[in-house]
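Student: Residue numbers (my numbering), protein chains in the order written: chain A, 12 to 206; chain B, 52 to 254; chain C, 330 to 509. Sending over a structure as structure tokens; questions will come in a sec.
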Amino acid sequence: MIKELLLIFIGAMLVNNFVLSRFLGICPFLGVSKKVDVALGMGMATTFVMTISAIASWAIQFYILEPFGLSRFLQYVSFVLVIASLVQMIEMFIKKTSPNLHKSLGIFLPLITTNCAILGLALLAVNKGYNMIQSAVFGLGAGLGFTLAIVIMAGIREELEIADIPQGLRGAGITLLTAGILSIAFLGFSGLISM
Amino acid sequence: MKAWKEFIKGIWDENPVFRMLMGMCPTLAVTNAAINGLAMGLATAFVLFCANIIVAMVKRFIPNEVRIPSYIIIIATFVTIADLFLAAYFPEIHKVLGLFIPLIVVNCLILGRAEGFASKNNVAYSALDALGMGIGFTFALTLLGIVREFMGMGSIFNVSVAGQNFTEWVIFVLPPGAFLTLGIMLWIINSFSKKKMEESHCH
Amino acid sequence: MAKGVKLILVLGLISLFSGVVLAKTYEITSPTMREVAMKNQQKAIFEVLPQIKEYKEFQNEAGMLIYEGLDSDKKVTGLAFIAEGGGFQGTIRMMVGLNLKTKKITGYKVLEHLETPGLGARITEDSFKKQFSAKSWDDPFAVGKDIVPITGATISSKAVSEILKGSVAKVLEVYGGEQQ
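This is the structure in structure tokens:
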């Protein structure tokens with residue numbers, strides 16, 4: 012049981028890293044990775060939403076869609092709506108209960124709705140037939156993997172700011188090349204465990 | 052004249068991938084072969100076209116507060132339609148694109164055009180805009196797919212073109228190859244064009 | 330309050346409309362989808378058991394999907410079953426065929442995989458597959474011993490061997506167990 016959860020966790024975080032090998036959540040990865048502290052905030056907010064939406068989509072799938080045989084054609088619409096409203100609710104809840112947390116995470120929450128990693132995670136967890144705890148662990152691992160990737164990226168980009176880069180390569184170009192090299196490094200994790 | 056401008060801008064000047072950096076996830080994920088890039092581009096263009104037209108048609112009736120959720124429902128509906136049709140009539144392509152078909156829903160290119168263009172323009176212009184953007188997106192994905200497939204497997208559209216002595220650079224069809232190829236392409240494009248890239252990330 | 334009601338009404342209407350459109354689309358496409366799934370399965374079974382004329386599902390308590398292949402005299406000569414396991418990047422699912430008379434594997438067909446194109450994906454190519462056809466199911470199935478792995482894709486090669494080895498034993502246990 013514990014071993015299986017650990018496998019799911021490591022698999023989602025390192026072996027099949029959402030950003031570097033599954034290409035989910037590329038937009039924030041390229042857009043919000045200029046400063047380490049901002050990247051960390053974004054990563055934390057994403058991890059939080061990922062874990063909760065993994066549980067929520069599990070509940071929708073097994074208590075609403077499947078019993079009524081709707082999952083083949085209403086899955087996407089319902090998941091995307093649930094995630095959008097979940098993000099909205101979390102934002103309102105944090106704003107009321109903890110203004111400090113809202114100050115640090117709040118600005119990232121609206122951006123998360125269009126982060127394809129969240130919907131991708133929900134669909135993957137359902138496809139793999141995970142139960143509630145497995146889904147939550149999968150979400151947590153994927154979120155931490157995303158955080159890891161975006162923070163490493165931000166660290167490199169802070170250094171790149173002062174580097175002498177050819178004119179045409181500045182901006183997106185050098186970021187993509189850096190991501191490519193990072194991705195090669197993460198390739199080393201494949202085969203670490205069999206999924 | 053304006054109509055022509057709305058159509059043509061998406062193909063190069065405001066190309067969603069090369070100039071605006073939109074829809075990066077599918078761009079990087081499915082372009083390990085030319086045919087996959089083409090199929091993904093066409094599926095996205097279909098959804099973009101339908102969603103843009105419907106949004107331009109119904110925008111008057113939708114209150115501002117529920118604008119985004121309404122657009123998302125419209126987009127998700129068309130994505131599901133595309134998914135079901137691909138599964139029924141093109142099962143091979145459906146299998147390859149896999150998870151990335153549902154993710155067209157959150158492709159910021161589509162929501163971005165619905166929100167940024169269709170909600171402000173009439174149906175005809177929205178259709179032309181979607182058509183141009185769709186062709187631009189498909190062109191970019193196919194080009195990436197051709198380059199990666201050629202470098203990585205020595206073939207284009209599954210037809211072997213490189214000679215026997217060609218050593219495949221397998222890295223190009225692996226995940227890192229996606230980042231590297233697009234990075235180098237952007238480098239080339241930026242070096243030759245005077246206009247600066249817009250970098251309108253989707254967040 | 331009127332504003333709130335309007336918001337709910339609009340969203341509700343859009344959702345309703347979307348639901349109706351999707352249900353209709355599903356109704357149109359689902360027969361074709363089922364047909365495609367059926368055809369694929371049929372094709373896979375006949376590919377791994379070329380000697381059979383027809384097949385039927387074998388009911389068992391373990392809940393495994395096993396098909397019995399019948400020859401022209403309606404005698405069971407082979408078994409086909411779906412086996413899956415972890416590969417290099419994702420699950421590998423394949424249809425495996427067994428010849429009950431010769432106690433050999435007749436072959437396998439990969440139904441789903443996420444292996445690297447050009448490397449691990451070669452598990453679907455004949456040059457690798459033919460190592461397993463006509464292999465007795467008591468053989469060790471060890472990469473490096475009786476299986477030559479694909480260059481640069483040892484993990485994928487190992488995965489296929491292990492899936493075959495493990496699933497054949499399991500199927501024989503279920504099938505043999507209920508025959509007696």
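Think of the CB as a built atom: it goes at the ideal place given N, C-alpha and C, for glycine as much as any other residue.
Strictly below 9 Å CB to CB, what residues from chain C border alanine 84 of chain B?
Tutor: Within 9 Å Cβ-Cβ: Pro446.
Student: Roughly how many angstroms separate the alpha carbons of methionine 393 of chain C and glutamine 371 of chain C, rounded to a whole number?
Tutor: Near 17 Å, if we compare the C-alpha coordinates of glutamine 371 of chain C and methionine 393 of chain C.
Student: Report yes or no: do the stretch 51–66 of chain A and the stretch 334–344 of chain C share at least 3 C-beta pairs separated by less than 8 Å?
Tutor: The stretch 51–66 of chain A is not in contact with the stretch 334–344 of chain C.
Student: As a quick exercise: from C:Val439, C:Val405, C:Lys430, C:Ile357, pick the residue whose alpha carbon is nearest that of glycine 415 of chain C.
Tutor: The candidate whose alpha carbon is nearest that of glycine 415 of chain C is C:Val439.
Student: Could you tell me how far apart the beta carbons of valine 93 of chain A and isoleucine 71 of chain A are, in whole angstroms, since I believe they sit closer than 8 Å?
Tutor: Rounded, the Cβ-Cβ distance is 6 Å, consistent with contact.
Student: Comparing alpha-carbon positions, which option in B:Met91, B:Met236, B:Gly61 lies nearest asparagine 40 of chain B?
Tutor: In this structure chain B extends from 52 to 254, so residue 40 of chain B is not present and cannot be described.
Student: If you measure beta-carbon to beta-carbon, which residues of the stretch 82–111 of chain A are closer than 7 Å to chain B?
Tutor: Within the stretch 82–111 of chain A, the qualifying residues are Phe84, Tyr87, Val88, Val91, Leu92, Ala95.
Student: For tryptophan 69 of chain A, count neighbouring Cβ atoms within 10 angstroms of its own Cβ and tell me buried if that reaches 16, exposed if not.
Tutor: Counting Cβ neighbours within 10 Å, tryptophan 69 of chain A comes out buried, since at least 16 surround it.
Student: Which two residues bound the contiguous alpha helix (DSSP H) that contains alanine 127 of chain B?
Tutor: Start and end: 118–140.
Student: Taking 8 Å as the threshold (beta carbon to beta carbon), is cysteine 76 of chain B in contact with chain A?
Tutor: It does; some Cβ of chain A falls within 8 Å.
Student: Take arginine 164 of chain B and list the residues in its own chain whose beta-carbon comes closer than 7 Å to its own, dropping the five residues that flank it on each side.
Tutor: So the qualifying residues of the chain are Leu99, Asn103, Asp180, Ala181, Met184.
Student: Using a C-beta to C-beta distance shorter than 8 Å, which residues of chain A count as neighbours of leucine 351 of chain C?
Tutor: The answer, in chain order, is Phe84, Leu85, Val88.
Student: Three Cβ pairs or more, each shorter than 8 Å: is that satisfied between the stretch 88–107 of chain A and the stretch 166–181 of chain A?
Tutor: Judged by Cβ distances under 8 Å, the stretch 88–107 of chain A makes no contact with the stretch 166–181 of chain A, as fewer than three pairs qualify.
Student: With distances taken from CA atoms, which of B:Arg70, B:Ser170, B:Thr218 is nearest serine 242 of chain B?
Tutor: Here the closest residue by C-alpha is B:Arg70.
Student: Taking only three categories from DSSP, how would you classify valine 49 of chain A?
Tutor: Note: valine 49 of chain A maps to helix in three-state DSSP.
Student: Could you list which residues in chain B have their beta carbon closer than 9 Å to that of tyrosine 355 of chain C, in chain order?
Tutor: The answer, in chain order, is Thr131, Leu135.
Student: Counting only runs of 3+ residues fully inside the stretch 189–252 of chain B, write out the beta strand (DSSP E) ranges in chain order.
Tutor: Complete beta strand (DSSP E) runs here, min 3: none at all.
Student: Chain B beta carbons: is any one of them nearer than 8 Å to that of leucine 120 of chain A?
Tutor: So, not an interface residue.
Student: Could you name the residues that DSSP lists as bridge partners for glutamate 397 of chain C?
Tutor: The partner list for glutamate 397 of chain C (beta bridge, DSSP) reads C:Lys385, C:Leu408.
Student: Please give me, in chain order, every unbroken run of the alpha helix (DSSP H) with length at least 4 that falls completely inside the stretch 63–119 of chain A.
Tutor: 82–108, 110–116, all fully within the stretch 63–119 of chain A.
Student: For valine 234 of chain B, would you say it is in contact with chain A, using Cβ-to-Cβ distances shorter than 8 Å as the test?
Tutor: As written in the sequence, residue 234 of chain B is glycine, which differs from the valine given in the question. So yes, glycine 234 of chain B belongs to the interface.
Student: One question on the structure: do isoleucine 434 of chain C and serine 462 of chain C come within less than 8 Å of each other, judged by their Cβ atoms?
Tutor: Yes; because the gap between Cβ atoms is below 8 Å, this pair is in contact.
Student: Does the beta carbon of glycine 473 of chain C come closer than 8 Å to any beta carbon on chain E?
Tutor: Among the protein chains of the structure shown, namely A, B and C, there is no chain E.
Student: For histidine 113 of chain A and isoleucine 63 of chain A, what's the separation of their Cα atoms in angstroms?
Tutor: The straight-line gap from Cα to Cα measures roughly 17 Å.
Student: Roughly how many angstroms separate the alpha carbons of glutamine 509 of chain C and serine 89 of chain A, rounded to a whole number?
Tutor: Because glutamine 509 of chain C sits at a pLDDT of 40, beneath the cut-off of 50, its placement in the model cannot be relied upon, and the point is left open.
Student: Need the endpoints of the beta strand (DSSP E) that glutamate 441 of chain C sits in, please.
Tutor: Taken as a continuous stretch (DSSP letters only), the beta strand (DSSP E) holding glutamate 441 of chain C covers 433–441.
Student: Pull the bridge partners of glutamate 413 of chain C from the DSSP assignment, please.
Tutor: Paired residue(s): C:Arg422.
Student: Taking C-alpha atoms, which residue in A:Leu41, A:Val47, A:Val137 lies nearest to isoleucine 66 of chain A?
Tutor: Measuring from the Cα of isoleucine 66 of chain A, the nearest candidate turns out to be A:Val137.
Student: Please list the segments of the beta strand (DSSP E) lying wholly inside the stretch 341–377 of chain C, counting only runs of 3 or more residues, in order along the chain.
Tutor: Counting only runs of 3 or more, we get nothing.
Student: Taking Cβ to Cβ, would you say threonine 125 of chain A is nearer than 8 Å to leucine 162 of chain B?
Tutor: Yes. Within cutoff.
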